[in-house]
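**Student:** In order, the protein sequences belong to chains A and B.
Position 287 (the first sequence) corresponds to 286 in numbering that gives the first Met the number 0; numbering is contiguous.
Position 204 (the second sequence) corresponds to 203 in numbering that gives the first Met the number 0; numbering is contiguous.
My questions all concern the structure below.
Protein chains: 2
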Amino acid sequence: MEEATDPLPETGRAPGPAAASRGTFPGLITREKDPMNLELPFPTLEDRLVPNNRFYVRSHFPIPALEAASWQLSIGGAVQNPLVISYDELRALPAVTVAATLECAGNGRARLTPKAKGLLWEQGAVGNATWTGVPLAALLARAGVQAGALEVIFEGADHGTVADEPKSPGAIHFARSLPLAKARQPEVLVAYLMNGQSLPPEHGFPARLVVPGWYGMASVKWLSKLTVSAVPYAGYWQTLEYAYWQRAHGQPTLVPVTEMLVKAEIARPALYEVVPAGQPYRVFGAAWTGEDEVTGVEISADEGRTWQPAQLLDAAVPFAWRLWEFIWTPPTAPGRHTLRARATDGAGRTQPPAHDPDRRNYMINKIAAVEVVVQ
Amino acid sequence: MEEATDPLPETGRAPGPAAASRGTFPGLITREKDPMNLELPFPTLEDRLVPNNRFYVRSHFPIPALEAASWQLSIGGAVQNPLVISYDELRALPAVTVAATLECAGNGRARLTPKAKGLLWEQGAVGNATWTGVPLAALLARAGVQAGALEVIFEGADHGTVADEPKSPGAIHFARSLPLAKARQPEVLVAYLMNGQSLPPEHGFPARLVVPGWYGMASVKWLSKLTVSAVPYAGYWQTLEYAYWQRAHGQPTLVPVTEMLVKAEIARPALYEVVPAGQPYRVFGAAWTGEDEVTGVEISADEGRTWQPAQLLDAAVPFAWRLWEFIWTPPTAPGRHTLRARATDGAGRTQPPAHDPDRRNYMINKIAAVEVVVQ
Numbered sequence: 000m001e002e003a004t005d006p007l008p009e010t011g012r013a014p015g016p017a018a019a020s021r022g023t024f025p026g027l028i029t030r031e032k033d034p035m036n037l038e039l040p041f042p043t044l045e046d047r048l049v050p051n052n053r054f055y056v057r058s059h060f061p062i063p064a065l066e067a068a069s070w071q072l073s074i075g076g077a078v079q080n081p082l083v084i085s086y087d088e089l090r091a092l093p094a095v096t097v098a099a100t101l102e103c104a105g106n107g108r109a110r111l112t113p114k115a116k117g118l119l120w121e122q123g124a125v126g127n128a129t130w131t132g133v134p135l136a137a138l139l140a141r142a143g144v145q146a147g148a149l150e151v152i153f154e155g156a157d158h159g160t161v162a163d164e165p166k167s168p169g170a171i172h173f174a175r176s177l178p179l180a181k182a183r184q185p186e187v188l189v190a191y192l193m194n195g196q197s198l199p200p201e202h203g204f205p206a207r208l209v210v211p212g213w214y215g216m217a218s219v220k221w222l223s224k225l226t227v228s229a230v231p232y233a234g235y236w237q238t239l240e241y242a243y244w245q246r247a248h249g250q251p252t253l254v255p256v257t258e259m260l261v262k263a264e265i266a267r268p269a270l271y272e273v274v275p276a277g278q279p280y281r282v283f284g285a286a287w288t289g290e291d292e293v294t295g296v297e298i299s300a301d302e303g304r305t306w307q308p309a310q311l312l313d314a315a316v317p318f319a320w321r322l323w324e325f326i327w328t329p330p331t332a333p334g335r336h337t338l339r340a341r342a343t344d345g346a347g348r349t350q351p352p353a354h355d356p357d358r359r360n361y362m363i364n365k366i367a368a369v370e371v372v373v374q
Numbered sequence: 000m001e002e003a004t005d006p007l008p009e010t011g012r013a014p015g016p017a018a019a020s021r022g023t024f025p026g027l028i029t030r031e032k033d034p035m036n037l038e039l040p041f042p043t044l045e046d047r048l049v050p051n052n053r054f055y056v057r058s059h060f061p062i063p064a065l066e067a068a069s070w071q072l073s074i075g076g077a078v079q080n081p082l083v084i085s086y087d088e089l090r091a092l093p094a095v096t097v098a099a100t101l102e103c104a105g106n107g108r109a110r111l112t113p114k115a116k117g118l119l120w121e122q123g124a125v126g127n128a129t130w131t132g133v134p135l136a137a138l139l140a141r142a143g144v145q146a147g148a149l150e151v152i153f154e155g156a157d158h159g160t161v162a163d164e165p166k167s168p169g170a171i172h173f174a175r176s177l178p179l180a181k182a183r184q185p186e187v188l189v190a191y192l193m194n195g196q197s198l199p200p201e202h203g204f205p206a207r208l209v210v211p212g213w214y215g216m217a218s219v220k221w222l223s224k225l226t227v228s229a230v231p232y233a234g235y236w237q238t239l240e241y242a243y244w245q246r247a248h249g250q251p252t253l254v255p256v257t258e259m260l261v262k263a264e265i266a267r268p269a270l271y272e273v274v275p276a277g278q279p280y281r282v283f284g285a286a287w288t289g290e291d292e293v294t295g296v297e298i299s300a301d302e303g304r305t306w307q308p309a310q311l312l313d314a315a316v317p318f319a320w321r322l323w324e325f326i327w328t329p330p331t332a333p334g335r336h337t338l339r340a341r342a343t344d345g346a347g348r349t350q351p352p353a354h355d356p357d358r359r360n361y362m363i364n365k366i367a368a369v370e371v372v373v374q
């Protein structure tokens with residue numbers, strides 16, 4: 000494994016003491032400069048693994064300036080043996096590598112009407128990478144979870160003040176929880192490598208949680224503190240943010256955003272791309288889902304009336320998106336046409352035609368139309 | 000007991016089909032006209048029981064036009080025998096009368112700095128009345144609560160759309176839940192009389208929940224539906240509204256507002272009242288707490304440096320406020336002076352000098368200063 004002292008080899012910049020953005024990402028779209036929020040221009044998608052310097056960046060606060068030598072992860076709360084792990088100790092533990100797609104819970108928000116609040120992500124607040132680290136289950140076993148524990152709360156070193164008065168809790172760290180059942184799944188990692196390289200500062204250096212199958216907010220970056228809890232955790236980012244309404248007995252009840260919904264995105268053609276009339280065109284994109292596998296992607300070129308199967312380009316890998324292609328021959332007459340893609344997963348779940356407002360501005364997987372110019 | 004066909008005898012108006020405000024309340028301050036939110040001018044407090052047409056009104060939506068003859072209360076969810084109760088059936092069941100103080104969770108909000116969002120209640124979003132009705136425990140016993148049930152969700156007939164996009168669940172009924180342990184306490188009633196009279200429309204006619212010891216939002220008016228639930232209920236009014244931050248392991252966790260905090264309010268002198276120099280003056284007010292009893296009220300006339308006991312004027316009655324007085328002799332020299340009152344309850348709880356921001360704009364019981372003009 001590579002040295003921890005080279006956290007951002009993609010950009011050739013050495014880690015410095017500054018807390019703000021330290022990498023450069025010429026290929027990404029800036030949605031917000033401070034804190035840093037960057038999106039992959041999805042029509043530029045090439046490979047199943049997105050390089051580290053092309054992977055979308057979602058941050059809630061300034062990127063903390065952490066050094067591997069002084070970083071520590073504390074594990075406490077309802078455990079038999081509270082413990083503190085250093086970076087060297089973490090890297091000395093048995094590690095596994097998992098490929099996993101992370102998607103921001105607000106990806107696609109720019110498509111909502113009326114215009115939604117929040118960062119207006121288009122298609123590209125999503126990426127797929129390999130993550131190497133220590134299974135969280137192993138760390139929890141070392142600490143010894145007490146009987147009656149329900150959840151694990153994960154706190155990042157990133158912190159600041161959330162606005163939104165009077166509802167906000169003021170100055171806080173980013174934090175999220177997982178139910179113990181998910182926390183103990185073998186794919187959930189305390190990761191320190193991303194695509195085989197040390198985590199870039201923007202992606203959580205020295206170590207982050209990676210929760211495959213769940214929206215990105217669960218994969219807490221700059222991980223600093225684990226707290227096993229015997230009571231449900233209703234933190235800011237699982238109530239006022241990253242939560243949605245479920246109906247129970249007719250009443251809406253607020254629940255945290257968790258598992259990713261099944262979704263296909265068309266990378267090419269791009270919106271309003273000019274496509275030659277009557278010539279075969281390779282429609283290309285990616286499809287992903289939550290705690291299951293994508294089993295099919297279909298394409299419609301007639302406003303959703305009929306659907307044709309796309310070709311899945313690679314083998315199913317749990318938690319990793321699949322690339323797909325579809326050879327489309329547009330009509331010979333010039334005109335505007337729309338393409339739609341929809342994915343289905345092994346649980347039979349597919350994409351809805353419209354966004355359910357109970358999901359607020361999260362979990363956006365309605366079938367999207369890409370309009371192209373045939374000429 | 001009196002007839003249900005006379006819902007608002009205080010104002011001499013017969014119940015009509017209109018949904019909007021049907022009573023007149025010349026002695027109350029309007030904080031919001033639609034929906035109707037009215038406050039008692041606290042310096043006009045006289046008696047331990049506040050008359051129905053002087054009792055503060057808190058509504059979230061237009062007042063529903065309900066008729067006793069067609070009203071029904073359904074009890075369902077995790078019960079053995081789902082049932083529906085009519086008004087006549089409710090009134091035929093064994094009834095009890097409880098005196099209870101209800102205080103709006105936002106009472107005193109006008110005192111917060113910086114200026115808080117929400118209705119700017121001063122002192123008087125609080126009142127004390129007797130409530131007559133059927134213990135909720137008896138209704139739950141009739142329905143047969145299933146093993147594993149956790150909570151009871153109470154839904155009112157009042158409904159509308161909550162703004163606050165994108166976080167709101169849209170068009171909903173007012174609803175709140177109680178843990179089963181509280182729901183089964185003998186003081187919790189489905190009430191149909193207020194101070195011995197049928198509930199006024201503004202106070203929940205034909206029937207409302209009354210939850211003594213808890214802030215007013217728990218006492219759901221225009222009660223129409225009870226749902227026993229085996230999962231925690233995180234509805235709009237116990238998360239986005241009427242909820243506050245508790246710290247657990249350093250992280251703020253959002254919990255519903257429940258029990259009232261101990262509090263004394265000075266009714267007289269009023270703010271900026273002119274008080275004769277050197278003459279004994281009867282300072283007068285009320286004090287209340289949550290699931291306990293007020294055991295003492297103290298007064299300070301020297302910016303909180305020293306405190307003298309006030310005289311409690313009546314016997315402790317569980318859940319009902321106590322009136323108190325304190326004979327204060329102001330200095331002989333003219334000038335500005337402040338009076339402060341603070342209450343203590345049987346659990347040793349008292350009032351803080353400042354508002355804890357984690358309580359958001361709820362549960363405001365900081366010691367308040369009443370400035371008077373001695374001349």
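Beta carbons: idealized from backbone N, C-alpha and C, even for Gly.
(1) Locate the beta strand (DSSP E) running through A/D377, then write down its first and last residues.
(2) Do the stretch 265-273 of chain A and the stretch 27-46 of chain A meet, that is, are 3 or more Cβ pairs less than 8 Å apart?
(3) Determine, using beta-carbon pairs with one atom in the stretch 155-167 of chain B and one in the stretch 213-224 of chain B, whether at least three such pairs fall under 8 Å.
(4) Answer with buried or exposed for A/Q237, where buried requires no fewer than 16 other C-beta atoms within 10 angstroms of its C-beta.
(5) A/I298 and A/Q307 look like a contact to me (Cβ under 8 Å); what is the Cβ gap, rounded to whole Å?
(6) Compare the beta carbon distance of B/L188 and B/L239 with 8 Å and say whether it is the shorter of the two.
(7) Candidates B/V372, B/T100 and B/K365: which alpha carbon is nearest B/A332's?
(8) Counting Cβ pairs, one atom from each stretch, are 3 or more of them under 8 Å apart for the stretch 129-145 of chain B and the stretch 200-217 of chain A?
(9) Does the beta carbon of A/L188 sit closer than 8 Å to a beta carbon anywhere in chain B?
(10) Write down the C-beta distance between A/R341 and A/I366 rounded to the nearest angstrom, noting that I regard them as a contact closer than 8 Å.
(11) Mind listing, in chain order, the continuous beta strand (DSSP E) runs of no fewer than 3 residues lying wholly within the stretch 176-236 of chain B?
(12) Could you check whether the Cβ of A/V83 sits closer than 8 Å to any Cβ belonging to chain B?
(13) Excluding five sequence neighbours on each side, which residues of the same chain lie with their C-beta closer than 7 Å to the C-beta of B/L48?
(14) Have a look at B/V316, B/P330, B/L338 and B/F318 and flag the residue whose alpha-carbon is nearest the alpha-carbon of B/E324.
(15) DSSP three-state call for A/S20: helix, strand or coil?
(16) Beta-carbon within less than 7 Å of B/D313's beta-carbon, same chain only, minus the 5 sequence neighbours each way: which residues are those?
(17) Consult DSSP for B/L149 and reduce its assignment to one of helix, strand or coil.
(18) Measure the C-alpha to C-alpha separation of A/H172 and B/L260 and round it to an integer number of angstroms.
(19) Less than 8 Å separating the beta-carbons of A/L89 and A/L65?
(20) Here's a check: name, in chain order, each residue in its chain whose Cβ is nearer than 8 Å to the Cβ of A/W244, leaving out the five neighbours to either side.
(21) How close, in whole Å, do the beta carbons of B/V230 and B/A242 come, if the pair is a contact with beta carbons under 8 Å?
(22) A/Q250 touches chain B at which residues, Cβ-Cβ below 8 Å?
(23) From the DSSP secondary-structure annotation, give me the bridge partner or partners of A/F283.
(24) Assuming B/E150 and B/L179 are in contact, meaning their beta carbons sit under 8 Å apart, how far apart are those beta carbons, in whole angstroms?
(25) May I ask you to list, following chain order, the residues of the stretch 253-266 of chain A that have a beta carbon less than 8 Å from some beta carbon of chain B?
(26) For B/I171, which residues does DSSP report across the bridge?
(27) Tell me which residues share the same chain as B/A124 and place their Cβ nearer than 6 Å to its Cβ, disregarding the 5 neighbours each side in the sequence.
(28) Would you say B/P329 faces chain A, with C-beta separation under 8 Å as the test?
(29) Going straight from the alpha carbon of B/A140 to that of B/Y232, what length do you get?
(30) Please report the residue range of the alpha helix (DSSP H) in which B/E88 lies.
(31) Report the rounded CA-to-CA distance for B/S69 versus B/L192, giving the unit in angstroms.
(32) Hey, which unbroken runs of the beta strand (DSSP E) at 3 residues or more fall wholly within the stretch 26-54 of chain B?
(33) Give me, in chain order, the residues of the same chain whose beta-carbon lies closer than 6 Å to that of A/G76; leave out the 5 immediate sequence neighbours on both sides.
(34) Which stretch, first to last residue, makes up the beta strand (DSSP E) that contains B/A242?
(35) Can you tell me which of the three DSSP states A/R12 falls into?
(36) I need the straight-line Cα distance from B/A276 to B/R110, nearest angstrom please.
**Tutor:** According to the data block:
(1) No information on residue 377 of chain A is available, as it lies outside the stretch 0 to 374 that chain A covers here.
(2) Yes: at least three Cβ pairs fall under 8 Å.
(3) Touching, yes.
(4) Numbered from 1 along the first sequence, position 238 holds the residue referred to as residue 237 of chain A. A buried status is given to A/Q237, since no fewer than 16 other beta-carbon atoms sit within 10 Å of its beta-carbon.
(5) For this step, residue 298 of chain A is matched to residue 299 along the first sequence. For this step, residue 307 of chain A is matched to residue 308 along the first sequence. Indeed, because the Cβ distance is near 5 Å, the residues count as touching under 8 Å.
(6) On the second sequence, position 189 is the one that residue 188 of chain B refers to. On the second sequence, position 240 is the one that residue 239 of chain B refers to. No; because the gap between Cβ atoms is not below 8 Å, this pair is not in contact.
(7) Mapped onto the second sequence, residue 332 of chain B falls at position 333. Checking every option, the nearest Cα to that of B/A332 belongs to B/V372.
(8) Touching, no, given that fewer than three Cβ pairs across the two stretches are closer than 8 Å.
(9) The sequence position of residue 188 of chain A within the first sequence is 189, counting from 1. So no, A/L188 is outside the interface.
(10) Indexing the first sequence from 1 puts residue 341 of chain A at position 342. Indexing the first sequence from 1 puts residue 366 of chain A at position 367. A/I366 and A/R341 do touch by the CB rule: their CB atoms are close to 5 Å apart, below 8 Å.
(11) For the stretch 176-236 of chain B, whole beta strand (DSSP E) runs of length 3 or above, ordered along the chain, are 188-193, 207-209 and 222-228.
(12) Position 84 of the first sequence, counting from 1, holds the residue named residue 83 of chain A. Taking Cβ atoms only, chain B never reaches closer than 8 Å to A/V83, which makes this a no.
(13) Here residue 48 of chain B refers to the residue found at position 49 when the second sequence is read from its first residue. So the qualifying residues of the chain are N127, A128, T129 and N194.
(14) The sequence position of residue 324 of chain B within the second sequence is 325, counting from 1. B/E324 has its Cα closest to that of B/L338, out of B/V316, B/P330, B/L338 and B/F318.
(15) One-based indexing of the first sequence puts residue 20 of chain A at position 21. Below a pLDDT of 50, predicted positions are generally treated as unreliable, and A/S20, at 44, falls in that range; no measurement from the model is reported.
(16) As a first step, residue 313 of chain B must be located in the second sequence, where it is residue number 314. Once the five neighbours on either side are set aside, the close Cβ partners of B/D313 are R47, R321 and L322.
(17) If you number the second sequence from 1, residue 149 of chain B lands on position 150. In the three-state reduction of the DSSP assignment, B/L149 falls in the coil class, being assigned neither a helical nor a strand state.
(18) Here residue 172 of chain A is taken as the residue at index 173 of the first sequence, counted from 1. Here residue 260 of chain B is taken as the residue at index 261 of the second sequence, counted from 1. So the alpha carbons of these two residues sit roughly 29 Å apart.
(19) Position 90 of the first sequence holds residue 89 of chain A. Position 66 of the first sequence holds residue 65 of chain A. No.
(20) In the first sequence, the residue the question calls residue 244 of chain A occupies position 245. Here the set comprises P251, T252, L253, V254, D357, R358 and R359.
(21) The residue labelled residue 230 of chain B in the question sits at position 231 within the second sequence. The residue labelled residue 242 of chain B in the question sits at position 243 within the second sequence. In fact, because the Cβ distance is near 17 Å, the residues do not count as touching under 8 Å.
(22) Along the first sequence, one-based indexing puts residue 250 of chain A at 251. What A/Q250 touches in chain B: I152, E154, I171, H172, A174, T226, Y232 and G234.
(23) Numbered from its first residue, the first sequence carries residue 283 of chain A at position 284. Answer is A/R267 and A/E324.
(24) Against the second sequence, residue 150 of chain B aligns to sequence position 151. Against the second sequence, residue 179 of chain B aligns to sequence position 180. The Cβ separation is near 6 Å, so the contact holds.
(25) The stretch 253-266 of chain A vs chain B, Cβ under 8 Å: L253 and V254.
(26) For the purposes of this step, residue 171 of chain B is taken as the residue at position 172 of the second sequence. B/I171 is bridged to B/G159.
(27) Residue 124 of chain B sits at position 125 when you count from the first residue of the second sequence. So the qualifying residues of the chain are E38, Y55, C103 and N106.
(28) The residue you call residue 329 of chain B lines up with position 330 of the second sequence. False, the Cβ-Cβ gap to chain A never drops below 8 Å.
(29) For the purposes of this step, residue 140 of chain B is identified with residue 141 of the second sequence, where counting begins at 1. For the purposes of this step, residue 232 of chain B is identified with residue 233 of the second sequence, where counting begins at 1. So the alpha carbons of these two residues sit roughly 21 Å apart.
(30) Numbered from 1 along the second sequence, position 89 holds the residue referred to as residue 88 of chain B. Run containing B/E88: Y86 to A91, per the alpha helix (DSSP H) assignment.
(31) Start at 1 with the first residue of the second sequence, and residue 69 of chain B comes out as number 70. Start at 1 with the first residue of the second sequence, and residue 192 of chain B comes out as number 193. Approximately 18 Å, taken between the alpha carbons.
(32) Counting only runs of 3 or more, we get 28-31 and 36-38.
(33) By one-based count along the first sequence, residue 76 of chain A stands at place 77. Answer for A/G76: T226, V227 and S228, listed in chain order.
(34) For the purposes of this step, residue 242 of chain B is taken as the residue at position 243 of the second sequence. That run of the beta strand (DSSP E) goes A242 to A247.
(35) The sequence position of residue 12 of chain A within the first sequence is 13, counting from 1. Reliability fails at A/R12, whose pLDDT of 34 lies under 50, so the model's placement of it is uncertain and no value is given.
(36) Start at 1 with the first residue of the second sequence, and residue 276 of chain B comes out as number 277. Start at 1 with the first residue of the second sequence, and residue 110 of chain B comes out as number 111. Their Cα atoms are separated by approximately 28 Å.
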